[in-house]
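Chains as they are written, first to last, in numbering that gives the first Met the number 0: chain A, 0 to 340; chain B, 0 to 340. One structure below.
There are 2 protein chains.
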Amino acid sequence: MTERTRPATLKDVAKGAGVSISTVSRVFSNPGRISPETSERVREVARKLRFTPNVMARSLITGRSPNIGLVVPDITNPYMTTLLKAAQKVSRLHATGVFVADTDDSADIEREVCEQFAQQSRGVILCAPRMTASHIRELSGIVPLVLVNRVVEGIPSVFTDSRAALRELVEELVELGHRRLAYLPGPAGSWSNTQRGRTVADRARALDVEMIRLDPTDGTHADGVAAAEQVLELGVTAVMAFDDVLAAGLVEGLRRSGKSVPDDVSVTGHDDILSELVHPGLTTVTGQSARVGQLAISRLLDGSGPASGPGPESGTHQAESVGVKATVVRRNSTAAPPRSG
Amino acid sequence: MTERTRPATLKDVAKGAGVSISTVSRVFSNPGRISPETSERVREVARKLRFTPNVMARSLITGRSPNIGLVVPDITNPYMTTLLKAAQKVSRLHATGVFVADTDDSADIEREVCEQFAQQSRGVILCAPRMTASHIRELSGIVPLVLVNRVVEGIPSVFTDSRAALRELVEELVELGHRRLAYLPGPAGSWSNTQRGRTVADRARALDVEMIRLDPTDGTHADGVAAAEQVLELGVTAVMAFDDVLAAGLVEGLRRSGKSVPDDVSVTGHDDILSELVHPGLTTVTGQSARVGQLAISRLLDGSGPASGPGPESGTHQAESVGVKATVVRRNSTAAPPRSG
DNA sequence: TACGGTTTGTCAAAGGTTTGCACAGACCGG
DNA sequence: CCGGTCTGTGCAAACCTTTGACAAACCGTA
Chain A
0 MTERTRPATL KDVAKGAGVS ISTVSRVFSN PGRISPETSE RVREVARKLR
50 FTPNVMARSL ITGRSPNIGL VVPDITNPYM TTLLKAAQKV SRLHATGVFV
100 ADTDDSADIE REVCEQFAQQ SRGVILCAPR MTASHIRELS GIVPLVLVNR
150 VVEGIPSVFT DSRAALRELV EELVELGHRR LAYLPGPAGS WSNTQRGRTV
200 ADRARALDVE MIRLDPTDGT HADGVAAAEQ VLELGVTAVM AFDDVLAAGL
250 VEGLRRSGKS VPDDVSVTGH DDILSELVHP GLTTVTGQSA RVGQLAISRL
300 LDGSGPASGP GPESGTHQAE SVGVKATVVR RNSTAAPPRS G
Chain B
0 MTERTRPATL KDVAKGAGVS ISTVSRVFSN PGRISPETSE RVREVARKLR
50 FTPNVMARSL ITGRSPNIGL VVPDITNPYM TTLLKAAQKV SRLHATGVFV
100 ADTDDSADIE REVCEQFAQQ SRGVILCAPR MTASHIRELS GIVPLVLVNR
150 VVEGIPSVFT DSRAALRELV EELVELGHRR LAYLPGPAGS WSNTQRGRTV
200 ADRARALDVE MIRLDPTDGT HADGVAAAEQ VLELGVTAVM AFDDVLAAGL
250 VEGLRRSGKS VPDDVSVTGH DDILSELVHP GLTTVTGQSA RVGQLAISRL
300 LDGSGPASGP GPESGTHQAE SVGVKATVVR RNSTAAPPRS G
């Protein structure tokens, strides 16, 4: 039905313009060495023939591909979605295609798709990997890597640095009068989860208040709903959730038990991603996922020179990890604890 | 730092196994013509050398790529996210990479990325509500296309068919006593928006009740919030929104005006995507986006034989459009209209 | 022994591009 | 008019794979 005709090649353009193949090639890939008249004539013919350089052939000979890979544990999570959107926007400007893989939180699939992408990508952005550090290092021998929300010695990374914001949040809750707080954990293998849990625990200890770590979850909305039971059982007055999804679930769970937020329990989230959708508005921490995505892409695209520099500092500079500072967003899910409590 | 060594090629394996290059090639691409012993020996060496066939070279000579493209207007929308996740899962089983592009609701970008993908993909799944039909047809001359949530004569497509569900919803609202309803439109250029608006309008006319079309929106949560004003102004008692995002916004907007859902106004959504997050739970229509994604991928992957059959029916069969039946999900955002209304 | 048939493996071309090298001509100072 | 530099272009190899044509070896059989 729809006839797909063979696309024009360098040869076709060369013949049409009366020059050699290499001249045409140079017009597109290495301009400046060709006279303006020739160049214009070639471009004219190319336009007429709707010629575009064959990516496969080009990649084959240059040994590098114009694509990058983005590997995420769960593309359904709005944090990742925003990151992807931003990353994708940047790469489009570089005419760089973006492979996306959702690993369903599986370390095995992470490795599998990374290996698959390695061949066709000039680099891979690995988000919140579940993989072991040594596997990550091994992988970085096959394809350039930029880690997101995880720090591994020797590998470049970008992460949301919410430590200061989380400490601030703990302080504010204590100031409001809370003395018995809890942290609602996210996915067990997650680096961010460990970081956040540790940060709030440390701050709580410093302020001499309780910070109970609730049972581990997988980070789903349903897990948040279910966590309400334990929260009420333990009688904590404020809960800091791993992220907004869990926080929203918890709010819903509390509501189902007849409790209200923030009157009975204060709840905070993380990522500021669906705060506008839930009621009351969640007090949370900005995720900065868009910025993180942009930075990750930039580092991949800039730092992809040919193994480069003899200078010893260029290497270390490349491998450093960059934190994007997060801030507190105050809404209506926190308040003073109830008198009776 | 991390030394990246040149990957092994057919040549290396051939030398290691003491056979010719083509023998090795056939072991991987066209088995059966090689004796079991030779095959095993070759595979052994290949394993030892960590050989994997070079995708670029293979694609160059075969003329087809192992990837597909997925083009969406806004990856941030949970409907698309779910679709992507499902599509991606299917393609992973086929060792097929997935390019993703977010077009920011721009018809120009839609075209641009499709052309970019064309070269490196064996097909593109196009969720492109904005492009004109003729552009789509033109595009399908460059790369095999499967349309999502849009029907264009002669091009295969998969869409959520919610017509029956929407009619049902109208009937239920009327049965509850509503006589003055409204449709809250989504993005203006969207095919789905046109379909849904028409469907509910037709059904309302048939039932002899009012169905007012509210001012057009871009489909954002903020648009939904803003629409509350017009809803109250017009005094409608039930609003059917284009999708859940708008519906959630509307619920929030009504709440800010001191109105409650469903007591003062009934609201319905579409896609069943964030219904669990908002309160009260939205009565909505299932989006079936996962199923749609699976089907779209399958059609692309199956129907990518070489232009194929002389039979006249094979063509038409390929180009047919497949609807996935949606159903009503009843929650708590609809009720009888207030007495005074 | 010679011969058709089958199986197994090799040869070489092809696919579209990039790029080091060679070459031709223009230009310039001496 | 000659030797040199500079500029613009062409030649051909290389990247790695697939695949049709073909050779070699083997079988059983006449």
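All C-beta atoms in this analysis are idealised placements derived from N, C-alpha and C, irrespective of residue type, glycine included.
Kindly say whether residue i, judged by its beta-carbon, lies nearer than 8 angstroms to any beta-carbon of chain B.
| i | result |
| --- | --- |
| Leu299 (chain A) | no |
| Asn53 (chain A) | yes |
| Ala227 (chain A) | no |
| Gln194 (chain A) | no |
Find the residues of chain B that neighbour residue i, judging by a C-beta separation of less than 8 angstroms, and give them in chain order.
| i | result |
| --- | --- |
| Asp101 (chain A) | Leu83, Lys84, Gln87, Lys88 |
| His269 (chain A) | Neighbours of His269 (chain A) on chain B: none; closest Cβ ~16 angstroms, over 8 angstroms. |
Leaving out five residues before and five after residue i in sequence, what residues of the same chain have Cβ atoms less than 7 angstroms from its Cβ?
| i | result |
| --- | --- |
| Gly188 (chain B) | Pro128, Arg129 |
| Arg63 (chain A) | Arg121 |
| Glu312 (chain B) | The pLDDT assigned to Glu312 (chain B) is 36, lower than 50, so where the model puts this residue is not dependable, and the model offers no usable value. |
| Arg49 (chain B) | Ala7 |
| Asp104 (chain A) | Pro72, Asp73, Arg129, Pro186 |
| Val260 (chain B) | Val250, Leu253, Val266, Pro279, Ser332 |
| Arg32 (chain A) | Arg25 |
Give me the chain A residues within the contact set of residue i, using Cβ-Cβ distance strictly less than 8 angstroms, ordered along the chain.
| i | result |
| --- | --- |
| Ala247 (chain B) | Leu276 |
| Phe116 (chain B) | Gly96 |
| Ala45 (chain B) | Within chain A, no residue comes near Ala45 (chain B); the closest Cβ sits about 15 angstroms away, beyond 8 angstroms. |
| His220 (chain B) | Glu275, Leu276 |
At a CB-CB cut-off below 7 angstroms, which residues of chain B make contact with residue i?
| i | result |
| --- | --- |
| Thr80 (chain A) | Ile74, Thr75, Thr80 |
Below 9 angstroms on C-beta distance, what does residue i contact in chain A?
| i | result |
| --- | --- |
| Asp289 (chain B) | The residue asked about is misnamed: residue 289 (chain B) is Ala in this sequence, not Asp. Simply none; closest approach about 10 angstroms. |
| Val97 (chain B) | Phe98, Val99, Ala100 |
| Ala56 (chain B) | Met55, Leu59 |
| Glu251 (chain B) | Glu275, Leu276, His278 |
If you measure between the beta carbons of residue i and residue j, is that distance less than 8 angstroms?
| i | j | result |
| --- | --- | --- |
| Pro336 (chain B) | Thr236 (chain B) | yes |
| Val70 (chain A) | Ile124 (chain A) | yes |
| Leu206 (chain A) | Val169 (chain A) | yes |
| Phe116 (chain B) | Gly96 (chain A) | yes |
| Leu245 (chain B) | Asp222 (chain B) | yes |
| Val328 (chain B) | Ser288 (chain B) | no |
| Arg195 (chain B) | Leu165 (chain B) | yes |
| Ile154 (chain B) | Ile141 (chain B) | no |
| Leu276 (chain A) | His220 (chain B) | yes |
| Ala181 (chain A) | Leu233 (chain A) | yes |
| Ser332 (chain A) | Val284 (chain A) | no |
| Gly268 (chain B) | Ala240 (chain B) | yes |
| Thr51 (chain B) | Gln118 (chain A) | yes |
| Met55 (chain B) | Met55 (chain A) | yes |
| Thr282 (chain B) | Arg330 (chain B) | yes |
What residues in its chain sit with their C-beta under 8 angstroms from that of residue i, if we drop five residues either side in the sequence?
| i | result |
| --- | --- |
| Arg204 (chain B) | Met210 |
| Val112 (chain A) | Gly68, Val70, Ala100, Thr102 |
| Gln229 (chain A) | Leu213, Asp214 |
Looking only at its chain, what residues have a beta carbon closer than 6 angstroms to the beta carbon of residue i, apart from the 5 residues adjacent to it on each side?
| i | result |
| --- | --- |
| Arg178 (chain A) | Val208 |
| Gln293 (chain B) | Ala85, Val89 |
| Thr198 (chain B) | Arg162, Leu165 |
| Ser58 (chain B) | Ser64 |
| Ala106 (chain A) | Arg129, Met130 |
Can you pull the chain B neighbours of residue i, defined as C-beta to C-beta under 9 angstroms?
| i | result |
| --- | --- |
| Leu381 (chain A) | As displayed, chain A neither begins before 0 nor continues past 340, which places residue 381 (chain A) out of reach and without an answer. |
Residue i touches chain A at which residues, Cβ-Cβ below 7 angstroms?
| i | result |
| --- | --- |
| Arg330 (chain B) | None at all; the shortest Cβ gap to chain A is about 13 angstroms. |
| Glu109 (chain B) | Those within 7 angstroms of Glu109 (chain B) in chain A number zero; the least Cβ separation is about 12 angstroms. |
With 8 angstroms set as the bound, which would you pick, yes or no: does the beta-carbon of residue i sit closer than that to a beta-carbon of chain A?
| i | result |
| --- | --- |
| Arg254 (chain B) | yes |
| Glu319 (chain B) | no |
| Gln119 (chain B) | yes |
| Pro309 (chain B) | Because the pLDDT at Pro309 (chain B) is just 37, under 50, the model does not fix this residue reliably, and the point stays unresolved. |
### Message
My parser needs the alpha helix (DSSP H) runs of 4 or more residues fully inside the stretch 21–108 of chain B; what are they?
### Response
Within the stretch 21–108 of chain B, the complete alpha helix (DSSP H) runs of at least 4 residues are 35–48, 54–61, 77–92.
#### Entry: Secondary structure, beta strand (DSSP E): runs of 3+ residues fully inside the stretch 124–162 of chain B
The qualifying runs are 144–147, 156–160.
### Message
Which runs of the beta strand (DSSP E) at least 3 residues long sit entirely within the stretch 238–293 of chain A? Give them in chain order.
### Response
As far as the stretch 238–293 of chain A is concerned, its whole beta strand (DSSP E) runs of at least 3 residues are 265–267.
### Task
Tell me the start and end of each unbroken beta strand (DSSP E) in the stretch 190–217 of chain A that is at least 3 residues and wholly inside, in chain order.
Listed in chain order, the complete beta strand (DSSP E) runs (minimum 3 residues) inside the stretch 190–217 of chain A are 209–212.
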